[in-house]
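K.L.:
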Amino acid sequence: MANDKDQDGFFPKYQQPSFVLRMWGKLVPAADNKYALTIVCAAQMGVGVLLLAYPRRSTFRAKYGKWPYRAVKATGILTGSALIGCTAIFDLARTRNLTYDPWAQRARADRVKALKEGKKVTWWWGAHDHKPVGMNEYMSELRVLLEIKKMQYNKKKLADVAESGFKPTEPLLSSDLYMDDILWKYVLPRVFPDEVPISPISRKLTEAMFQSLGLTYEELVAANRKFREGVLEQVENPLFLAHRPWLFGSSSSMDAAIKEVLGEGSNDPDILEGLYNDIAEQWDGSIMWGIIAGETDVTIRLIPGTDIVELVEEAEDEE
Numbered sequence: 001m002a003n004d005k006d007q008d009g010f011f012p013k014y015q016q017p018s019f020v021l022r023m024w025g026k027l028v029p030a031a032d033n034k035y036a037l038t039i040v041c042a043a044q045m046g047v048g049v050l051l052l053a054y055p056r057r058s059t060f061r062a063k064y065g066k067w068p069y070r071a072v073k074a075t076g077i078l079t080g081s082a083l084i085g086c087t088a089i090f091d092l093a094r095t096r097n098l099t100y101d102p103w104a105q106r107a108r109a110d111r112v113k114a115l116k117e118g119k120k121v122t123w124w125w126g127a128h129d130h131k132p133v134g135m136n137e138y139m140s141e142l143r144v145l146l147e148i149k150k151m152q153y154n155k156k157k158l159a160d161v162a163e164s165g166f167k168p169t170e171p172l173l174s175s176d177l178y179m180d181d182i183l184w185k186y187v188l189p190r191v192f193p194d195e196v197p198i199s200p201i202s203r204k205l206t207e208a209m210f211q212s213l214g215l216t217y218e219e220l221v222a223a224n225r226k227f228r229e230g231v232l233e234q235v236e237n238p239l240f241l242a243h244r245p246w247l248f249g250s251s252s253s254m255d256a257a258i259k260e261v262l263g264e265g266s267n268d269p270d271i272l273e274g275l276y277n278d279i280a281e282q283w284d285g286s287i288m289w290g291i292i293a294g295e296t297d298v299t300i301r302l303i304p305g306t307d308i309v310e311l312v313e314e315a316e317d318e319e
């Protein structure tokens, strides 16, 4: 009998939640009914429009005088603007933009549960005995949602940095790298930002490398920026430009480049060779793939496919 009594009544047992639709009282629909919420939001914004337009009627000013007209006009403008703005910012935005709404999820669950149990359910209000959570719990769940979204966003940015920071067309497996190969793989894609294909192996190696370093997003960005600045610094070196005139359109001779770097002090070929070696070492050291290849040690052992164990034991005894 008590359950039948709880199901009586036209309006729901509890007030449905909202931010600025409280003026409608029990007429506020369930949080999972987006169509009904849109209708109520449109009605409330229509009331705001009427409050903005009513004081402009000519009969109002003639009937009540100048100052009452100004007071009512100011009140109507402020109230109408507040109704329109708050409704659009809060409840209408909640209905249209939130991908996960705790109020809507709970209302939907109670609606389905009430339908299965044969309880009173209406299209406008949902389950008759649905009790929404309070504002504090609602905001707490939204904060958790925002933290999860933030973590997903940071994870996506880390993946973007890992892919955009290094774009080789194939893994670099040796420290014997030619300068032209490095240019085509790293420098020219930056100067001419065309899409460079990334092999799955390169992508996995890059992601594994960044994860093993345990760096934050800001540190990864700083490392990426430092890498690019180092590459550009080497490219702008006069000796490097003179050594690759067909790539950069440089017309300076090697002697002029030496004088620009060392001054008039020396034209010793040994110094020039040392400078070339320094540049090559700096380039090789800045390539993470070369470092990984240098630190990788692979040992391959061939196991004979035979069942004669005695031969193996005799060979071990002889050793």
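The sequence shown begins at 1 in the numbering used here and counts up one residue at a time.
The beta-carbon is built from N, C-alpha and C at its ideal position, and this holds for glycine as well.
Computed from a prediction, not measured in an experiment: that's the story for all the values here.
1. Where residue 150 and residue 78 are concerned, what is the direct C-alpha to C-alpha distance, given to the nearest angstrom?
2. Taking 8 Å as the threshold (C-beta atoms), are residue 104 and residue 126 in contact?
3. Is it the case that the Cβ atoms of residue 44 and residue 132 are separated by a distance below 8 Å?
4. Whole angstroms are fine: how far does the CA of residue 102 sit from the CA of residue 112?
5. Is residue 133 helix, strand or coil when you go by DSSP?
6. For residue 93, name the three-state secondary structure that DSSP assigns.
7. State the Cα-Cα distance for the pair residue 86 and residue 146, rounded to the nearest angstrom.
8. Indicate whether residue 128 and residue 13 have their beta-carbon atoms separated by less than 8 Å.
9. With respect to the alpha helix (DSSP H) encompassing residue 79, which residues constitute its N-terminal and C-terminal limits?
10. Could you tell me how far apart the beta carbons of residue 49 and residue 80 are, in whole angstroms, since I believe they sit closer than 8 Å?
11. Report the three-state DSSP secondary structure of residue 38 (helix, strand or coil).
12. Please tell me whether residue 52 and residue 25 are closer than 8 Å, where the distance is taken between their beta carbons.
13. Roughly how many angstroms lie between the CA atoms of residue 110 and residue 98, to the nearest whole one?
14. From residue 71 to residue 18, what does the alpha carbon distance come to, in whole angstroms?
15. Have a look at residue 142 and residue 94 and give me their C-alpha separation to the nearest angstrom.
16. Skipping 5 residues on each side, what residues in its chain have a beta carbon closer than 7 Å to that of residue 54?
17. Where does residue 127 fall in DSSP's three states?
18. From which residue to which residue does the alpha helix (DSSP H) around residue 32 run?
19. On the DSSP bridge assignment, give the partners of residue 144 in chain order.
20. If you draw a straight line from the C-alpha of residue 123 to the C-alpha of residue 29, how long is it?
21. Over what stretch of residues does the alpha helix (DSSP H) that includes residue 22 continue unbroken?
22. Does residue 115 pass the burial test, meaning 16 or more other C-beta atoms within 10 Å, or should it be called exposed?
23. Exposed or buried, what is residue 82 when buried is set at 16 or more other beta-carbons lying within 10 Å of its beta-carbon?
P.N.:
Once the coordinates are examined:
1. 37 Å
2. no
3. no
4. 16 Å
5. coil
6. helix
7. 22 Å
8. yes
9. 66-86
10. 7 Å
11. helix
12. no
13. 20 Å
14. 30 Å
15. 12 Å
16. 76
17. strand
18. Here residue 32 belongs to no alpha helix (DSSP H), and DSSP marks it neither H nor E.
19. DSSP, once it has assigned bridges, lists no residue as partnering residue 144.
20. 9 Å
21. Element bounds for residue 22: n/a, residue is neither H nor E.
22. exposed
23. exposed
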